[in-house]
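Engineer:
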Amino acid sequence: MTKKLLLIDGNSIAFKAFYALYTAMDKFTNPSGLHTSAIYGFNRMLDKVLDDEQPTDVLVAFDAGKVTFRTKMFADYKGGRAKTPTELSEQFPFIKELVNDRGIATYELPDYEADDIIGTLAKQAEDSGDYEVVIVTGDRDLTQLTSDKTTVQVSKKGVTELETYTPKHVEEKLGVKPSQIIEIKGLKGDNSDNYPGVEKVGDKTALKLIQQFGTIDNLYQNIDDVSGKKLKEHLIQDEDQARRAHKLATINREAPITISLADLNYKGDDIDKLTDFYERMGFKSFLAKLSVDDNDHSEDQSKIEYTVLTKDNLSELDQFKDEVSFHLEMSEENYHISPLIGFAVGQGDHWYVTNQPELLKDPHVSRLLTSETVKKNLFDAKRTFVGLYRQSIILKNVDFDMLLVSYLLNTTNNSNDVGTVAHLHGFYNIKTDEEVYGKGAKRQIDAQSPEFLAHDQLHDDMFKDLDEHNQTTLYRDIEIKIAFVLAKMEINGIKVDAGTLEAMGSKFKERIAEIQQTIYQEAGEEFNIGSPKQLGKILFEKLRLPILKKTKTGYSTSVDVLEKLAPD
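Numbering (the working numbering), first residue to last: 312 to 879.
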């Protein structure tokens, strides 16, 4: 049976976690005043990758210090970076404690970086033939380690949104093989790590040269084949810098580590230690996930009782006299045009679920939703108002908007997924959209599924948090009212001057025609600019621009590719 080794770049993920929550840093402190934002974000990353990857073996590697064999080779290596903020550096010992409490090994090696530890262990695992390797990092430099047996996941947004790099993805995105990433770095240097390459050689020139020559060694062996007198002069003049940059960029895969693959067995959470740690950090949501919080929210969803709503039992909705929770489900993101696929209505232990949206028009349902005396608890008031308006139902008396309250409590959270928002507030019995509908699938709802009913449980706790943050008045007097103003603005639209728009359209057409003629002159022929295939032939075969990315059908001419091809 193949084992799975998960290798995590501790320093880069900690930095990513810290800066992802930088604007909310002061909200993340424990009772003793310790900043905890990086610890919190790091743990969210661990939750995700451990759940997604289900590894048998795990290691978090850390940098041992600023002095390494690279700084001995080049004293200014990483010299341009600002000093690590105290608010972050004070968290590192606790991040390591957290990792150990979660049954994960940690390791650092004097004179080497975490990258070298990861590279060495990944190579050992590959050579053994017994492992599949997954690397998680915030640094794209580690993509040079991708292979048939190793994937590298790089954080894109925060620490939980990851982009997976395989050899194929590296070639499609970067235009070179993983092993050639260091060749590119050798020629252009690395501003973020503060070491130079060849003067006047940037991304596009370096890519073009490596696509032509393959390696720096081969480039210098065939230096006379380089076109451009000035470029050749710079290459010859800065050869020593290029070779040094190449060495600095290369991850050492034979570092003298004293830890072995046998030491990396993933033991799982030590519940007692982790509980104590979460309590000291003030992490109520993580405590709730462990089911040790005083207000445990981990109740099984199967315990939620509900009735399938049909035309025969609609009159039972008349029982809700004071307050009711309502959830309207749609199949697409654009709620102005999305088909409705079902709804749930109820309170406490009495819930009704249906995948027949036409029941909304029944008087028992519409009367409840338009009542000015029955309070409504919703997930997203604006979305719900618009969806119901399309059914000629005017939603009234909304008391709780979970999405809006969540935003007020944490303005860095912009998720519109009920499960994700619930998780942020310590409720783990509510599934995310992806868990309910599947990844990329067209949304469907099962009349027998109670997945979304549990959001009713957040009402009291989230209002309590609003009170503690002195935001209840802000929510009731301003924010919830603005939500309905915005909904009506979206429905009604805005008036425009049609004549002015038509005049602008004419000017744009003239400008487009001028640009087309310029393109034809540059290309030396007329062609269909809107055709990716024809455009690709002109750019990469006739004009011989560097190939940055390929698709299944040929050259990529996406916006990001064209922007990179634009003059520096």
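Ideal placement from N, C-alpha and C gives every residue a C-beta, glycine not left out.
Residues in its own chain within less than 8 Å of VAL685 by CB, not counting five upstream and five downstream?
Structural biologist: Within the sequence shown, residue 685 is the residue found at index 374, counting from 1. PHE631, LYS632, ASP633, GLU634, VAL635, LEU679 and ASN708, listed in sequence order.
Engineer: Tell me the rounded alpha-carbon separation between MET713 and LYS792.
Structural biologist: For this step, residue 713 is matched to residue 402 along the sequence shown. For this step, residue 792 is matched to residue 481 along the sequence shown. The C-alpha of LYS792 is placed about 14 Å away from the C-alpha of MET713.
Engineer: Which same chain residues, not among the five before or five after ALA331, have their C-beta less than 7 Å away from its C-beta?
Structural biologist: Indexing the sequence shown from 1 puts residue 331 at position 20. For ALA331, where only same-chain residues beyond five positions count, the Cβ hits under 7 Å are GLY352, GLY469 and VAL470.
Engineer: With H, G and I counted as helix, E and B as strand and the rest as coil, what does DSSP make of GLY816?
Structural biologist: For the purposes of this step, residue 816 is taken as the residue at position 505 of the sequence shown. Of the three classes helix, strand and coil, the one that applies to GLY816 here is helix, per DSSP.
Engineer: Within the continuous beta strand (DSSP E) that includes LEU625, where are the two ends?
Structural biologist: Sequence index remark: in the sequence shown, residue 625 carries index 314 (1-based). Where LEU625 is concerned, there is no enclosing beta strand (DSSP E), given that its DSSP letter is neither H nor E.
Engineer: Between the C-alpha atoms of ASP574 and ALA416, what's the straight-line distance to the nearest angstrom?
Structural biologist: Stepping through the sequence shown from its first residue, residue 574 is reached at position 263. Stepping through the sequence shown from its first residue, residue 416 is reached at position 105. Rounded to the nearest angstrom, the two C-alpha atoms are 8 Å apart.
Engineer: Can you tell me which of LYS515, ASP504 and ILE492 puts its alpha carbon nearest to the alpha carbon of ILE527?
Structural biologist: Residue 527 sits at position 216 when you count from the first residue of the sequence shown. If we check each option's Cα against that of ILE527, ILE492 comes out closest.
Engineer: Which of helix, strand or coil does DSSP assign to THR797?
Structural biologist: Mapped onto the sequence shown, residue 797 falls at position 486. Reading off the sequence shown, one finds Leu at residue 797, where the question assumed Thr. Helix.
Engineer: Using the Cβ count rule (16 or more neighbours within 10 Å means buried), how would you classify PRO356?
Structural biologist: Residue mapping note: residue 356 aligns to position 45 of the sequence shown, counting from 1. A small correction: the amino acid at residue 356 is Met; Pro does not occupy that position in the sequence shown. By the neighbour-count rule (16 or more Cβ atoms within 10 Å), MET356 is buried.
Engineer: Taking DSSP as the reference, what is the three-state secondary structure of GLN755?
Structural biologist: As a working mapping, residue 755 is identified with position 444 in the sequence shown. Residue placement at GLN755 is poorly supported in this model, since its pLDDT is 49, which falls under 50; the coordinates still yield a value, given next. If DSSP states are grouped into helix, strand and coil, GLN755 belongs with coil.
Engineer: With a cut-off of 8 Å on the beta carbons, I'd call THR561 and GLU443 a contact; round off their distance for me.
Structural biologist: Position 250 of the sequence shown, counted from the start, is the residue given in the question as residue 561. Position 132 of the sequence shown, counted from the start, is the residue given in the question as residue 443. THR561 to GLU443, Cβ: 24 Å. No contact.
Engineer: Would you check if the segment 838–851 and the segment 864–871 touch, i.e. whether three or more CB-CB distances between them fall below 8 Å?
Structural biologist: Contact holds: three or more Cβ-Cβ distances are below 8 Å.
Engineer: Within a Cβ cutoff of 6 Å, which residues of the same chain sit near ALA877, ignoring the five residues on either side of it in sequence?
Structural biologist: By one-based count along the sequence shown, residue 877 stands at place 566. Hits under 6 Å: none found.
Engineer: For LYS460, I'd like the list of residues in its chain whose CB is within less than 8 Å of its CB, leaving aside the five on either flank, ordered along the chain.
Structural biologist: Against the sequence shown, residue 460 aligns to sequence position 149. Taken in chain order, the residues that qualify are ALA436, GLU437, TYR442, GLU443 and VAL444.
Engineer: Once DSSP output is grouped into helix, strand and coil, what is the label at HIS661?
Structural biologist: Counted from its first residue, the sequence shown places residue 661 at position 350. In the structure shown, HIS661 sits in a strand (DSSP, three-state: E or B).
Engineer: By how many angstroms is the C-alpha of GLU801 removed from the C-alpha of LEU670?
Structural biologist: Along the sequence shown, read from residue 1 onward, the residue named residue 670 stands at position 359. Along the sequence shown, read from residue 1 onward, the residue named residue 801 stands at position 490. So the alpha carbons of these two residues sit roughly 25 Å apart.
Engineer: Considering ASN529, what are the terminal residues of the alpha helix (DSSP H) in which it resides?
Structural biologist: Translated into positions along the sequence shown, residue 529 becomes position 218. Residues 527–532.
Engineer: How would you label ASN688, buried or exposed, when you count the other beta carbons within 10 angstroms and need 16 or more for buried?
Structural biologist: For the purposes of this step, residue 688 is identified with residue 377 of the sequence shown, where counting begins at 1. Flag for ASN688 reads buried.
Engineer: With 16 as the cutoff for other CB atoms within 10 Å, does VAL697 come out buried or exposed?
Structural biologist: Here the question's residue 697 lines up with position 386 in the sequence shown. Buried: at least 16 other Cβ atoms inside 10 Å.
Engineer: Per the DSSP calculation, VAL444 is bridged to which residue(s)?
Structural biologist: As a first step, residue 444 must be located in the sequence shown, where it is residue number 133. Beta-bridge pairing links VAL444 to LEU316 and THR461.
Engineer: Mind listing, in chain order, the continuous beta strand (DSSP E) runs of no fewer than 3 residues lying wholly within the segment 322–391?
Structural biologist: 368–372
Engineer: With DSSP as the reference, label SER609 as helix, strand or coil.
Structural biologist: By one-based count along the sequence shown, residue 609 stands at place 298. For SER609, the predicted model reports a pLDDT of 44, less than 50, meaning its position is unreliable; a value from the coordinates is still stated below. In the structure shown, SER609 sits in coil (DSSP, three-state: anything other than H, G, I, E or B).
Engineer: Residues in the same chain with beta-carbon distance under 8 Å from GLN365, minus the five sequence neighbours each way, listed in chain order, please.
Structural biologist: Residue mapping note: residue 365 aligns to position 54 of the sequence shown, counting from 1. For GLN365, where only same-chain residues beyond five positions count, the Cβ hits under 8 Å are LYS315.
Engineer: Identify which residue in GLY865, PHE597 and PHE690 has its Cα closest to the Cα of LYS359.
Structural biologist: Reading the sequence shown from its first residue, position 48 is the one you call residue 359. Out of GLY865, PHE597 and PHE690, PHE597 has the C-alpha closest to the C-alpha of LYS359.
Engineer: At a cut of 8 Å, does the segment 410–424 reach the segment 547–560 through at least three beta carbon pairs?
Structural biologist: Output reads no: the segment 547–560 does not touch the segment 410–424.
Engineer: Could you say if the segment 377–390 and the segment 532–549 meet the contact criterion of at least three C-beta pairs nearer than 8 Å?
Structural biologist: Put simply, the segment 377–390 does not touch the segment 532–549. Fewer than three CB pairs are less than 8 Å apart.
Engineer: Using CA coordinates, which residue listed in ASP691, ASN624 and PRO674 is at the minimum distance from THR665?
Structural biologist: Start at 1 with the first residue of the sequence shown, and residue 665 comes out as number 354. For THR665, the closest C-alpha among the options ASP691, ASN624 and PRO674 is that of ASN624.
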